[in-house]
Structure formats: C-alpha cells, structure tokens
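Taking it in order: structure first as structure tokens, then the write-up.
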Ligand code: SF4
Ligand code: SF4
C-alpha cells in the first residue's frame, strides 16, 4: 500500500508540475503540556528512519522547510521567547501555516468550580495566572493547517483518562469533535501508542509534510483516524510467537517462549505493528520479546484491557477452538476488536465528571 | 527571604528585578522558576518553583488490580518510566511475599544500568553542558572564555582536547563533536535497554515476580558488544567533566557558592543482590544494605542512617503551598509497620490525595507538587532532602557506608573506585570519585559522568553473572504468586535523578492506597507548612550571580546551571529563558517575562 501511494503521488507530481501548489515552509507547534509524561517526545528522539534532525535539517527531499517548536527539543531560551510563535499563531499572525501537535490528553477544565487549572502552558499576560492547555487548543485548532495527536493520551485519552480519574481527561477527538477539519480540510491525524513507536510517528509526519508540499495525497486513515498502513494489522499477525498459537501451544507463565495469550496477551485483537517492526532499530517490542500486549495503542486502553495479567475474556474460547480453527476465530476476534476500538463513555467535554472519581474514596 | 536587611558594609542599595522562566524549556514536565534578583549586589534574593500539572495517579489507581500498578505507574514519567515499573514491582513483591529468580534480577539490573547510562549521558552532554559550551560562556562570561583559550586541559591525553576552550567547543549544540556523539550514544544505550526490557520508555517485559525476557545468550552478547563500544566515551566524559569543573572553580573564585546548599542528601539505593534480596519488610535492613548502590540519609556530611526501615518510617508528605486538601482527619490505612513501629499520618502509606484546583498565589498556594520531607528524630526537624540530581547522593551515600565491594566497583575511605576495562583506544582505567567539600551546582554535575562509569562497571558484573547462570541452566525468570486479600508493601529504588519510592496498600485484593514518590517532588517542592523552601528554591535563593550581563540582556546562566544541576526530570535539560525583567519598586506579586507579545 505504501509503495502504491508513493507511485501515484510521484506520477501526479510530474503531471502537474506546472501548477504545483505546495507549501514551502511550515511550522510545527508541538504542545506536550496535556496530561502526558512527555514520553512521546522522548520516544521520537529514538527514531532513525528518518530522525527528527533529518527532517528539521532538510535532509529528506521534497518536504517543506520545517520549523520545529517543541519544549523539550527547543534551542530557544524558553519562557516568553519560546512562546512567541504560539502567541503569534493564536492571534493568526504566524507567517507560515502550522501543524499543531498535541501530546497528552485534554483535561476537562469545565468541571472545575471557580479558579484553578489542571495543567497550563505559560501564563496569561493579562492576569499572570497560568494559561490552560484548553485555551491554547481552542485558539490554535481552528487556525491549524493540520492537527496531529501524538500518543494514546492525545488520540483517545489513554492512561490519564482511566476510570476514576479526577480530571475528566479525554483525547483530542472527543475534545474537538470527531468531525473536526483543519484549514487544509484534514481530520485529526491520530498516531496512538503509549508511547508512540518512534518510526510510526516519523513516517506519519513525513507523509503529512509530503502532502503539505503538494506531493502526496492525504495520509490514508481508518475510522479511528489512525494511519491505515501502520495500524491495519493486529499484533498477533506480526508476532514471532504466532506459530505456537497455531499449534495451540501456550505458555502458562512468563517463563515461556511460547504464545502468551493465557498470561494476558491481547495481541489477537489489537491494532499495532510493534512486534513486526521492533521498538528501535528492529530491537525490542512486546510479545515477540516476552511482554504481553496490553493494547496500548487502542481507544479502549487501558480500561478495556485490565487487569493486564489475566487471560483476555474470549481468549479461552478462541484458544480452545483454535484446534477446529478458521473463520469462526476471525469472526469472534472481529467482535472483540470492535469492542476495544471504542473509548469508555466517560471521556467527553460535558461540564460534569462521570469517570467514577470519588474524592474521599476509602475501601 | 527578603533582601535588604543587615547587609555587610559595602553593599549597594538593592536593585530588585523580577525574572521568571515559565515554561522552562528542555525539560520534561511543567516547571516554572520565579525569582527576584538584586542586580546591584549580584545575587538572587528569592526563588519560587512551581509545577502546573496535576494528573492524579494516586487517585485513579485506587480500586484497581494491584498487578497492574507497574504498567500504570510507568506512565508517570516519559524518561524514566522503567524505574517506576521496577520500583512498583519491588513494592508488589513485598506485598505478595515473593522473590524473583536470580536471572530475573540480573536482567532487571542490566536494564536499569542501561537506563542510567542513556539518561545521564543525553542529559549531561546534550543539555547540561550546553550551559558550559563555548557559545554560552562567550555570551555570559567572555573573560572566562578568553582564559579557557589560554588554559591547557590537564587531562588532554585522555580526551584529546588541547585547551579548555576546545572542550567547550565540543559541547556546542548541534555542532560540537561531543554533543553529536552523545546523541548517538543515547540511541545505542537505549538499544541495550530494549534488549532487556523490551521497549523504552515504558518497558514491556517487567512483571511483579520477574521478567518475560528470554535469557538467551544473544541478548547478553548484543548488550556486551554495545557496551564495549561506548566504554571509552565513558572514560573520556569523566576526564572532560573534571577538566571543565576544576577550571570553573579556578577561573571564577567563589563559584563554589553557586547552588550550594546545606548537605542534606537522600539516596534510596539501586540494583538488588539476588543472593540477599528477599523483599521481606522484616529483613529490609539487610537486603537494603546489600544493594549495589547503598541507601542513606546524609545530614551535614554525616551518614544519619542507611537502614531502609528508618528511611521508610522517616518519610513525611507535607502540604503548605500545594493545591490539595489535607488528609489528616482521615482514618489511617497503616498504623504500624510489619515490625510494629508506628507509622505517621503524613507517611505515604496513609496519604489521601484530594486535589483542589485554585488560583496561583506566591504568598499562598502555588504548586501542584507537595513537599516531601524526611523527619530527623534527633533534631525534631523535617528536612528538605535533595538528591543531588541523583549521582551526587548515590556516590556520597555509597562512599560513606563503604559497603559496596564488587569485581569492578568498591567503596570506603571517603571514595568510590570504579574499574573499567580496555576499550577501542584507551587502556584499562580506574576512576576514583572522592567526597567533595560542597553540595553545589558543580559537584552535582561532576558526579554524573562518574555514575555513568559506575553503571557501566556494574553492567559488566551483571553480564558475567547472567552468563554463569545461563551456562548452569538456571534460566527461570519468573516466580508465580497469588495476590493476597490484604497486604502492604514498599519499594525503594533510584530513578535516574534520585530517590524513588512506591507505597502500596491492598484490601480485598484491590489497591486501597498507592503513592509513588519520585525525585522531582523532593527537589522541586514548594515551601512546606513550616515555610521551609524546597531544594531548587533553596539552592537558587541567595546564590551569587557571576554572569557579566545586566538586567537587559541577562541570560540567567548561573541560575540555569543550578536548576539544571538537579536534572529536573528530563533528558533535555532546562534551558531557562530570560527576557528583559521588570524593575520593581514594590516587591510582591511576581511578573513574568516582559517581552510577552
Ligand atoms: S503472544 Fe500474543 S500476539 Fe503473540 S501469538 Fe500469542 S496471542 Fe498472538
Ligand atoms: S504490541 Fe501491544 S503493548 Fe506493545 S506497543 Fe503494540 S499495542 Fe502496545
């Protein structure tokens, strides 16, 4: 699929080289002040194909000039100096189009009575009080050329949107609305992962930039707005231990190199390419190296997969009928896959908290 | 905290300017530093440190299956998530009454060693040393750079840089040789990490009871060969840091006062010895002392205790300037520890987190961070311990106790000795870190490369022991268990930048209470109920300013060096900003950088 699209894009470029309408320079405004651990930025620095330096220093042909503004990687002096491009963008005065990258889930500011904030990004010049992340997203999303959500927190709410959370955190889709469109007409581009697999993110970003350059169609996304070529297959379909599953040979604890479905692996129903790709430079991963898949790329993460160390419900059935086999398995998995591809109902931006949080919870 | 009273003669009338850095860039997490600087007398007169993020781990963990705790708590931090998983597993192992097989301990130790090497290197060379690079020194102390050009590097034969200025050039961001080399090393060390723990940041192969990593010979040889390729880089880093830091003391007399605090250090110990660690609370003193970094609380240069039971019972979580309700009127979860000692209501086992979002007021509440303190019985004081950025407290504690005596690392007599084998270009080398005179900005920075060497040396030992076990066929990596109906547990570990503890209470097989305390709350804490400032605040407040620039083009490099010496929770260091500050006639409510648009 990847190579096909590239071919089409290349041909189109030749055909319409006269009326090329790409963007020459673009700014990436990256905000990691959502409910995040900043692990997606850290993960990004592990990418080598391409590395973020390659993109920023112009080593990848055909991309617009990229100005990256990211707190962790910023060569700026920080503070207001660092915030300048964000302030310009919020006023609609940035001199290039911009891609807004959000890292971390969006807390629900509306459930707070009176003053106060869950997380902030700089201060409000008028009051000196912390400027909320929600304010920034409200200002920037309508003006963004594209919006990219980095990591499962930003895409679907993730760990910080777990049942019982006091902040009402949710993903960007729930915050902006799933029908959100950027000024370029793009939906939110979701790159889930807790954290993002380094190359998954860079590949997606490069595709978005190629699209900005006018050299590629928009990246193909699925119904949860994930890049199809990365999240179209399940963990199980790329797992080294798949042949054990096929032989119905299951590990009964974590001492075993065999299939881990009985010790908690959700691989059969999770959309993710990590076992196939490895974590970095082909090294590491999850079930392929002895880690159960906990579904960290999924909209239902983490609640739908907990407790992690138990056999997934339905696992018993499918690992039993694995002997007779076949179409029935695919159908059963399809049902579960559908279920874990949904977010829990408490992630929303109504002005009440329904996550089950009870401030004085005692056993 | 105020500026103008009882100054020695010769002081000029104070010229106070508010300076703030928020957000602080090149860090992980939301940190703001708000200061008042007296430019007439060139010193910082006040400092507040704020954190503006609340996520609520200790809140939403309640009621969950305790086995999930390590997977969840990893997500607290995007740079040292594995330290949390490891610490959580230690706490759970205590609660479940289990002990992982030796091979699992070695694999965990190897993963954690790679984490220390990765994180300290990227932090030191790509972030912290930017403050000492040629471009920065030129912009802040041109006279010092001129002197560096004339000063030969005493250890040039090891690292290959002729003058101190040549070393400074190698740290220039994106262009300097060491800066670029360090980025590469940070990728190689992360690969070593992934061989043991699956994924970086949030590991996939760690479980309570052990690991899922398959101990095949390949993972150890893959790790070893990577380690041997970086071993000379490690030796050179130590030599360069010594050259740079010694030069600063010499070129700027009085620089030892920058970031100097009373010596109040805490270290919770790292790397378990599988022959001793059984995770029982009753034997915690013994296995704590067998750890390959020795835990300890150090006050004014003296070791107060290295018993993990004392350390545990002394922890207090204070409020005072934080956005939370107190829990003091709740029922305690744990009244006595398993040895029968009383447990304080302000101990993490008894904490209940009740967030109350509110306005930020510097004379009231101003941070989402609470104020962890350590109760010192002898003086009846709640001490604001710091971690010295991690390595300083670890080396200091290990040196004072003198308990570590292994193949490559030994301690005692006021020092820690580290032996590294021959590498591609440098011979076998023995490094010696000696207890310094001060707990200050320079010594926090100096300790870091020594600790990378320490981690590399310990990794060699863990590799050898793993191979011995493997060849003997002892490849079990996981111990099965049942979650008890009721239990408590605590885990002690060193996150990269310092002390890390997890406290767990189980009721009805569910988490009834869970409180992780990483290093940054200790270091970045605000003023507590007694008005005691947290370590960042304390280290910055009162420090002299050596930067030659005036308020208009002030960079704040000496303040940056101090905050960054603590390694404020990230790989990429603080690069604090300075705008033009605003001169104040009346000093109370802080302004923020003046060039906001
Ligand atoms: S370990 Fe998980 S992903 Fe791999 S074969 Fe088994 S169920 Fe599938
Ligand atoms: S395999 Fe599972 S746990 Fe691993 S990255 Fe993919 S979704 Fe996350």
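Protein chains in written order, with this note's numbering: chain A, 1 to 363; chain B, 1001 to 1597. Every residue, glycine too, gets a C-beta built ideally from N, C-alpha and C. Predicted model, so just to flag it, every value in this text is computed and none were measured.
Notebook entry, point to check: Do residue 284(A) and residue 1200(B) have their CB atoms nearer than 9 angstroms?
Noted result: In the first chain, residue 284(A) corresponds to position 284, counting from 1. In the second chain, residue 1200(B) corresponds to position 200, counting from 1. Closer than 9 angstroms, so yes.
Note to self: Under 8 angstroms: do the region 45 to 60 of chain A and the region 144 to 159 of chain A share three or more Cβ pairs, one atom per stretch?
What the structure shows: no
Notebook entry, point to check: Who are the near neighbours of residue 211(A) in its chain, counting only those whose CB is closer than 6 angstroms to its CB and skipping five residues on each side?
Noted result: Residue 211(A) sits at position 211 when you count from the first residue of the first chain. Cβ neighbours of residue 211(A) beyond the five flanking positions: 218.
Notebook entry, point to check: With DSSP run on the structure shown, which of helix, strand or coil describes residue 136(A)?
Noted result: Here residue 136(A) refers to the residue found at position 136 of the first chain. In this structure, residue 136(A) counts as helix in the three-state DSSP scheme.
Checklist line | Between the CA atoms of residue 1546(B) and residue 1017(B) - distance to the nearest angstrom | finding: Here the question's residue 1017(B) lines up with position 17 in the second chain. Here the question's residue 1546(B) lines up with position 546 in the second chain. The straight-line gap from Cα to Cα measures roughly 16 angstroms.
Check: Quick one: Cα of residue 1015(B) to Cα of residue 1559(B), how far?
Finding: Here residue 1015(B) refers to the residue found at position 15 of the second chain. Here residue 1559(B) refers to the residue found at position 559 of the second chain. Answer to the nearest angstrom: the Cα atoms are 18 angstroms apart.
Next item on the list: Using the Cα positions of residue 344(A) and residue 350(A), report the straight-line distance between them to the nearest angstrom.
Entry: Position 344 of the first chain, counting from 1, holds the residue named residue 344(A). Position 350 of the first chain, counting from 1, holds the residue named residue 350(A). Whole-angstrom Cα-Cα distance: 14 angstroms.
Checklist line | As assigned by DSSP and simplified to three states, the class of residue 1571(B) | finding: Position 571 of the second chain, counted from the start, is the residue given in the question as residue 1571(B). Note that residue 1571(B) scores a pLDDT of 28, beneath 50, so its modelled location is shaky; the value from the coordinates is reported in the next line. Note: residue 1571(B) maps to coil in three-state DSSP.
Next item on the list: Kindly indicate the opening and closing residues of the alpha helix (DSSP H) around residue 210(A).
Entry: Reading the first chain from its first residue, position 210 is the one you call residue 210(A). Residues 198 to 212.
Next item on the list: Please report the residue range of the beta strand (DSSP E) in which residue 1490(B) lies.
Entry: For the purposes of this step, residue 1490(B) is taken as residue 490 along the second chain, with counting starting at 1. Counting along the chain, residue 1490(B) sits inside the beta strand (DSSP E) bounded by residues 1487 to 1495.
Margin query: Following a CB-centred definition, is residue 266(A) positioned closer than 8 angstroms to any heavy atom of ligand 2?
Written below: For the purposes of this step, residue 266(A) is identified with residue 266 of the first chain, where counting begins at 1. Yes, the beta carbon of residue 266(A) sits closer than 8 angstroms to at least one heavy atom of ligand 2.
Next item on the list: Ignoring anything shorter than 4 residues or poking outside the region 1251 to 1299 of chain B, list the alpha helix (DSSP H) runs there in chain order.
Entry: For the region 1251 to 1299 of chain B, the continuous alpha helix (DSSP H) assignments of 4+ residues that do not extend past its boundaries occur at 1284 to 1289, in sequence order.
Margin query: Could you check whether the region 1353 to 1371 of chain B touches the region 1464 to 1471 of chain B, counting it as contact only if at least three pairs of C-beta atoms, one from each stretch, sit closer than 8 angstroms?
Written below: no
Checklist line | Local conformation of residue 1246(B) per DSSP, three classes | finding: In the second chain, the residue the question calls residue 1246(B) occupies position 246. Residue state, collapsed to three classes: helix.
Notebook entry, point to check: Any idea what DSSP makes of residue 259(A), helix, strand or coil?
Noted result: In the first chain, counting from the first residue as 1, residue 259(A) sits at position 259. Residue 259(A) falls in the strand class under three-state DSSP.
Next item on the list: With hydrogens ignored, establish whether the beta-carbon of residue 235(A) is closer than 8 angstroms to any heavy atom of ligand 2.
Entry: If you number the first chain from 1, residue 235(A) lands on position 235. Within the cutoff, so yes.
Item checked: residue 222(A) in three-state terms, based on DSSP -> What you label residue 222(A) is simply residue 222 of the first chain in a count that begins at 1. If DSSP states are grouped into helix, strand and coil, residue 222(A) belongs with coil.
Notebook entry, point to check: For residue 149(A) and chain B, any beta-carbon pair shorter than 9 angstroms?
Noted result: Looking up residue 149(A) in the first chain gives position 149. Judged by the 9 angstroms Cβ criterion, residue 149(A) is not in contact with chain B.
Margin query: Output needed for residue 1429(B): all residues of its chain with C-beta closer than 7 angstroms, excluding positions within five of it in sequence on either side, in chain order.
Written below: Your numbering for residue 1429(B) matches position 429 in the second chain. Excluding positions up to five away in sequence, the list reads 1235, 1420.
Checklist line | For residue 1418(B) and residue 1147(B), the rounded distance between their alpha carbons | finding: Looking up residue 1147(B) in the second chain gives position 147. Looking up residue 1418(B) in the second chain gives position 418. Each residue's alpha carbon lies about 32 angstroms from the other.
Margin query: Against chain B, which members of the region 95 to 113 of chain A pass a CB distance test of less than 7 angstroms?
Written below: Residues of the region 95 to 113 of chain A whose Cβ lies closer than 7 angstroms to any Cβ of chain B, in chain order: 112.
Item checked: Status (buried if at least 16 other CB within 10 Å, exposed otherwise) for residue 1019(B) -> Reading the second chain from its first residue, position 19 is the one you call residue 1019(B). The residue is buried, with at least 16 neighbouring Cβ atoms inside 10 Å.
Check: Using 9 angstroms as the limit for Cβ to Cβ distance, is residue 1049(B) near chain A?
Finding: Within the second chain, residue 1049(B) is the residue found at index 49, counting from 1. Not an interface residue.
Note to self: For residue 1533(B) and residue 254(A), I'd like the C-alpha separation in whole angstroms.
What the structure shows: The residue given as residue 1533(B) occupies position 533 in the second chain. The residue given as residue 254(A) occupies position 254 in the first chain. Those two C-alpha atoms are separated by around 46 angstroms.
Notebook entry, point to check: Which of helix, strand or coil does DSSP assign to residue 999(B)?
Noted result: Chain B is shown from 1001 up to 1597; residue 999(B) falls before or after that span and cannot be answered.
Note to self: Any contact between the region 1520 to 1527 of chain B and the region 1535 to 1542 of chain B? By contact I mean 3 or more CB pairs, one from each, below 8 angstroms.
What the structure shows: Result yes; three or more Cβ-Cβ pairs closer than 8 angstroms.
Checklist line | For residue 69(A), the nearest candidate out of 61(A), 89(A), 59(A), 108(A) (CA to CA) | finding: As a working mapping, residue 69(A) is identified with position 69 in the first chain. For residue 69(A), the nearest C-alpha among the options comes from 89(A).
Margin query: Give me the DSSP bridge partner(s) of residue 65(A).
Written below: Along the first chain, read from residue 1 onward, the residue named residue 65(A) stands at position 65. 25(A), per the DSSP bridge assignment.
Checklist line | Runs of beta strand (DSSP E) lying entirely within the region 1351 to 1394 of chain B, each at least 3 residues, in chain order | finding: 1371 to 1376, 1381 to 1383
Next item on the list: Within 10 angstroms of the Cβ of residue 1393(B), are there 16 or more other Cβ atoms? Answer buried if so, exposed if not.
Entry: As a working note, residue 1393(B) is residue 393 in the second chain. Buried.
Notebook entry, point to check: When every heavy atom of ligand 2 is checked, does at least one fall within less than 8 angstroms of the C-beta of residue 270(A)?
Noted result: Mapped onto the first chain, residue 270(A) falls at position 270. For residue 270(A), the Cβ falls inside the 8 angstroms cut-off from some heavy atom of ligand 2.
Check: At a CB-CB cut-off below 8 angstroms, which residues of chain A make contact with residue 1207(B)?
Finding: The residue given as residue 1207(B) occupies position 207 in the second chain. In chain order: 254, 309.
Margin query: So within the region 132 to 190 of chain A, which uninterrupted alpha helix (DSSP H) runs reach at least 4 residues, ignoring any that extend past its ends?
Written below: 133 to 140, 152 to 156, 172 to 176
Next item on the list: With a 10 Å radius around its C-beta and 16 neighbouring C-beta atoms as the bar for buried, classify residue 339(A) as buried or exposed.
Entry: As a first step, residue 339(A) must be located in the first chain, where it is residue number 339. Residue 339(A) should be labelled exposed.
Margin query: Any C-beta of chain A within less than 7 angstroms: which residues of the region 1442 to 1470 of chain B qualify?
Written below: none
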